[in-house]
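Structure first, then comments.
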Amino acid sequence: MILQMTKNYPSFIIDAFTTKSFAGNPAAVCLIPQILKDEEYLKIAAEFNLSETAFPIPIGASDFKHSSQFSLRWFTPKTEVPLCGHATLATSHALFNEIGNVNNEIKFDTLSGVLIAKRDESGNVEMNFPEYDLTSIKFNETANPLHGILSEFEAPSFLLNIIKCVVPAEMSIESVVYSSQSKKLIVVVDPETTKFELESVKIDVPKMLELHDGSFVRGFAITLHPSNPVAQGFIDSSNEPYDYVCRYFAPWVGIDEDPATGSAQCVMGPFWSIMLAKHELYAFQAFPSRGAQFRVRLRDDRVVLNGPSVTILRGEIALHHT
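Structure (structure tokens):
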């Protein structure tokens, strides 16, 4: 007879990049101190059924409260992802503000290298991410407004049709940027687009998946620098205007739309830093009915993201060990 032991591990659902509950981007964080099989991580992620579930493990002999270095993996309900900003923020929030980790700085060993999270005076978390490469995309008969600013290459034949699945015909496209490292496509649209218009964009997921397998594009952002943020509705609750705003779609990894995407800011942050000649940017991700804010700082080829988080669920996950 095989005996099954059940062990309970602290687990949280945390809304990242927001100061209020049920906004920002939710992630699950499971504090399981030993390594599980990949299929077990996938089952847990599928059970939570959020865009990402994070699994930190202390490195060395220490525990979750005292360790300053962790391995960290992120799983969607379908697959492992190489980088997830909001789930890293949620993990840091769980360790600093729920567990009471004694360190001011935590290092995470991930598939994207070492990520560093620090707590600031207000209890927010500041994270240090890699800055992704940027290339502009040229469409054969059209002048490329980014010529001379970024290197360029000709658009693959299927790309325009994918863009048409996201950007409505009445919304003009200013330019298109690609990051080969992260396979993210950034489409810059009319700077006079209003918040209502941006939130009204509807994408054609079945057609996007039919046109492309995710080998070239894994994530798709539309973004703009509002020309008149107040009139367009792109200001926060204290009337501070945003430098840039965006929405982000990733049906190729099972996420039709993501409410707050740290990794996407590692492409858009550097792009808007070049275009606006600013090293500190305030960004808004306009997921309808949620919304998320980012403070983005460019420093030494790294992107520093600062954001608040709110814990909305505290509990334990029960795992059966034979």
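For what it's worth, our numbering labels the leading residue of the sequence shown as -16, then goes sequentially.
By construction, the Cβ of each residue, glycine as well, lies at the ideal position given by its N, Cα and C atoms.
Among the options, which one has its Cα closest to the Cα of residue i?
i: G106; options: H304, K261, T294; result: T294
i: F277; options: A269, L288, F270, P271; result: L288
i: D92; options: D283, I40, A243; result: I40
i: E124; options: Y115, S140, I186, E114; result: S140
i: F47; options: F79, P224, Y225; result: F79
i: I238; options: F270, F(-5), V213, N144; result: F270
i: V286; options: S292, H303, Y265; result: Y265
i: S256; options: A275, Y227, G274; result: Y227
i: L19; options: P224, V279, V85, F58; result: F58
i: F0; options: A301, A260, E109; result: E109
i: E171; options: P60, M258, D241, P16; result: Residue identity check: residue 171 is Val in the sequence provided, not Glu. Answer by Cα proximity: M258.
List the DSSP bridge partners of residue i.
i: C13; result: S(-6)
i: F58; result: T36, E63
i: E88; result: K101
i: V286; result: F112, L281
i: F241; result: For the sequence presented, residue 241 should be read as Asp rather than Phe. Paired residues: Y231.
i: Q276; result: F267
i: A(-1); result: N8, S292
i: Y161; result: T118, L168
i: H130; result: L133
Does residue i pass the burial test, meaning 16 or more other C-beta atoms within 10 Å, or should it be called exposed?
i: F38; result: buried
i: K166; result: buried
i: T(-11); result: exposed
i: E299; result: exposed
i: R297; result: exposed
i: H262; result: exposed
i: H195; result: buried
i: A70; result: buried
i: T74; result: buried
i: N144; result: exposed
i: V213; result: exposed
Should residue i and residue j be called a contact, given that it needs their Cβ atoms to be closer than 8 Å?
i: Y115; j: Q164; result: yes
i: F199; j: E81; result: no
i: A11; j: L25; result: no
i: A6; j: A233; result: no
i: H76; j: S246; result: no
i: S51; j: N86; result: yes
From the beta carbon of residue i, is the nearest beta carbon of chain C less than 8 Å away?
i: I132; result: Among the chains of the structure shown, chain C does not appear; only one protein chain is present.
Segment contact flag, the region 196 to 204 with the region 235 to 251, C-beta cutoff 8 Å, min 3 pairs: yes
task: Decide yes or no for the touch test of the region 148 to 157 against the region 168 to 180: beta carbon pairs closer than 8 Å, at least 3 of them.
output: yes
Contact the region 128 to 139 vs the region 220 to 239: 3+ CB pairs below 8 Å: no
- prompt: Any chance the region 55 to 67 sits against the region 94 to 102, with 3 or more Cβ pairs inside 8 Å?
  reply: yes
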